[in-house]
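In order, the protein sequences belong to chains A and B.
Residue 403 is where the first sequence ends in this note's numbering, and the numbering goes up by one at each step.
Residue 86 is where the second sequence ends in this note's numbering, and the numbering goes up by one at each step.
Even glycine gets a Cβ: it sits at the ideal position worked out from N, Cα and C.
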Amino acid sequence: MGILENLYKMTAIQAFIDNPGYLLMLAIGAFLLYLGIRKQYEPLLLVPIAFGVILANLPGGEMGVVPGNLIDLGGGHTKNLLEIAHDHGIMNFLYYSLIKTGFLPPIIFMGIGALTDFGPMLRNLRLAFFGAAAQLGIFIVLISAIALGFTAKEAASLGIIGGADGPTAIYTTIKLAPHLLGPIAIAAYSYMALVPVIIPLVVRFTCSKSELLIHMKDMDRQFPSNLKIKNLRAVKIAFPIVLIIIISVFVPSAVPLLGMLLFGNLIKEIGVNVARLTEAAAGSILNTATIFLGLCVGATMTAEVFLDFKTIMIVVGGFLAFAVSIFGGIMGVKVTNLFTKKKINPLCGATGLSAVPMASRVANDIALKYDSSNHILQYCMSSNISGVIGSAVAAGVLISFLQ
Amino acid sequence: MSEMGVAFELLGVGMVTVFVILALVVIIGNLIIRFVNKFIGEEVKTQSKGSSNLTVEINSKKLAAIVSVVNLVTKGTGRVSKVEKQ
């Protein structure tokens with residue numbers, strides 16, 4: 001009998017009976033895996049996040065991230081990494097070394113930079129402004145969240161979902177409200193996956209048929225630009241170097257994200273001489289960082305932390321932030337069209353939030369539905385890429401004000 | 001200042017900052033393009049030594065002969081995709 005009792009104590013059965021929340025979290029993890037594998041919603045991130053959720057909610061597995069107060073020794077001191085690994089397991093070691101330090105999001109930004117082409121933005125520079133208008137959702141949801149009882153730091157972390165940029169949302173949350181990291185990362189990546197649903201929805205309620213029929217190439221023919229780029233490669237190499245220096249003067253707190261993004265882009269544009277670096281940044285380093293980021297973010301979603309009213313608010317608020325950002329970009333175009341002869345298709349504003357390049361593809365598909373010759377992909381990419389810069393700058397402002 | 005006051009301040013400061021930075025992106029982009037156009041000039045396009053050039057170097061009569069032989073041997077199912085000189 002004693003043996004059977006010891007055997008029972010060794011298992012996690014009693015823990016599941018004591019806290020059925022674990023089972024609910026396992027179901028949520030399985031659902032997220034379903035979305036990632038079957039529905040292919042951002043599978044590169046959703047699959048590691050979902051599996052991290054499952055690992056974190058296996059009682060006795062010690063794979064769930066513990067709250068910061070268990071790491072804090074008081075007097076401004078915290079446990080060192082060896083102590084964290086010893087006391088709380090390897091997932092906490094990974095979380096507190098790679099995530100809590102803010103290490104992985106900039107590394108991922110370096111990889112994104114190495115995959116990004118600033119060419120479409122440089123060819124259509126005036127459309128870059130709409131990357132700013134589309135950050136409206138961040139600040140509107142920030143105000144709404146404070147009105148609903150969130151602290152300013154929590155509200156800022158929630159609002160940044162409206163930037164539609166996963167690493168930026170994670171970086172901001174790590175800095176301002178690390179206890180909300182799990183739900184915010186899930187909401188950010190889920191809504192990014194739902195861009196093909198959210199953009200058409202907002203466009204349907206805000207744009208008329210005549211606006212969606214604005215033919216961008218016809219406009220270019222009628223009002224040609226007087227600035228031709230003679231040497232695009234040289235411009236693309238100079239651009240990230242000059243830009244990061246200028247941005248660092250105005251928003252130094254955005255430098256970790258944008259600095260790495262622009263470094264990644266620079267090595268891509270230099271070309272064959274540093275091809276090995278580009279390959280590493282956009283390949284093995286980005287993939288490795290993505291695995292650890294996903295698993296660690298998932299591991300923050302323990303039953304105690306996730307099953308909370310704030311999680312529901314984050315899911316709703318995240319959607320609003322997304323929708324308002326798209327609305328802001330569209331309104332930015334509409335206002336511009338009032339004052340210019342060279343009209344712009346409002347879909348170019350809808351892509352002002354990040355979510356590169358999915359937002360542009362979705363906008364292009366909508367434009368083609370109305371006019372099969374109206375290919376606006378390269379125009380949308382301009383505001384889409386500037387949206388990455390815009391959301392990182394907005395994150396920098398929030399961090400420097402609230403941290 | 002109350003949290004709501006901070007939120008409205010952030011709305012103002014944040015949106016203005018984002019607009020200013022993206023305005024700088026536009027200005028910097030324009031300045032770099034003008035600078036490069038004036039001082040560096042047009043990009044020199046170097047011809048790559050790809051396999052397509054090798055195909056071009058082959059005399060068109062010889063290429064036609066190769067294609068017709070391949071057609072004959074494969075009874076119309078084969079296709080010449082690349083011809084290289086050793």
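Buried is the label assigned to ARG123 (chain A), since at least 16 other Cβ atoms lie within 10 Å of its Cβ. Against chain B, the beta carbon of ALA128 (chain A) has neighbours under 8 Å at LEU22, VAL25, VAL26, GLY29, listed in chain order. Taking a contact to require three or more Cβ pairs closer than 8 Å, the stretch 273–285 of chain A and the stretch 111–126 of chain A qualify as touching. According to DSSP, HIS77 (chain A) shares a beta bridge with A:GLY74.
In the three-state reduction of the DSSP assignment, SER225 (chain A) falls in the coil class. Each residue's CA atom was taken as its position, placing LYS310 (chain A) and ALA133 (chain A) some 28 Å apart. At a cut-off of 7 Å between beta carbons, PHE39 (chain B) makes no contact with chain A.
Pairwise C-beta distances place the stretch 173–181 of chain A in contact with the stretch 151–164 of chain A, as three or more of them are shorter than 8 Å. Comparing alpha-carbon positions, the option among A:ALA27, A:ILE330, A:TYR95, A:GLY396 lying closest to GLU211 (chain A) turns out to be A:ILE330. The C-beta of ALA134 (chain A) comes no closer than 7 Å to any C-beta of chain B.
At least one CB of chain B lies nearer than 7 Å to the CB of LYS230 (chain A). Assigned with DSSP and collapsed to three states, THR340 (chain A) falls in coil, not helix or strand. Between the stretch 331–344 of chain A and the stretch 356–365 of chain A there are fewer than three C-beta pairs closer than 8 Å, too few to call the two in contact.
Within chain B, no C-beta atom comes less than 8 Å from the C-beta of PHE16 (chain A); the nearest is roughly 40 Å away.
Rounded to the nearest whole angstrom, the CA to CA distance from ILE399 (chain A) to ILE247 (chain A) is 15 Å.
When CB distances to chain B are screened at a threshold of 8 Å, the residues of the stretch 141–153 of chain A falling below it are LEU142, ILE143, ILE146, ALA147, THR151, ALA152, in chain order.
Measuring C-alpha to C-alpha distances from GLY264 (chain A) to each of A:ILE376, A:PHE250, A:MET1, A:ALA280 identifies A:ALA280 as the nearest. Contact check for ALA128 (chain A) against SER382 (chain A) passes: the beta carbons are separated by less than 7 Å.
Within 8 Å of the CB of ILE389 (chain A), the CB atoms of chain B belong to ILE21, LEU22, VAL25, in sequence order along the chain. Around the beta carbon of LEU82 (chain A), fewer than 16 other beta carbons lie within 10 angstroms, which makes this residue exposed. Bounds of any alpha helix (DSSP H) do not take in GLN403 (chain A), whose DSSP letter is neither H nor E.
In chain order, VAL235, ALA238, PHE239, VAL242 make up the part of chain A whose C-beta sits under 7 Å from the C-beta of ILE32 (chain B). Secondary structure of MET301 (chain A) (DSSP, three-state): coil.
For the C-beta of PHE339 (chain A), not a single chain B residue is nearer than 8 Å; the gap to the nearest is close to 16 Å.
Under the DSSP assignment, LEU201 (chain A) falls in the alpha helix (DSSP H) whose first and last residues are 195–206.
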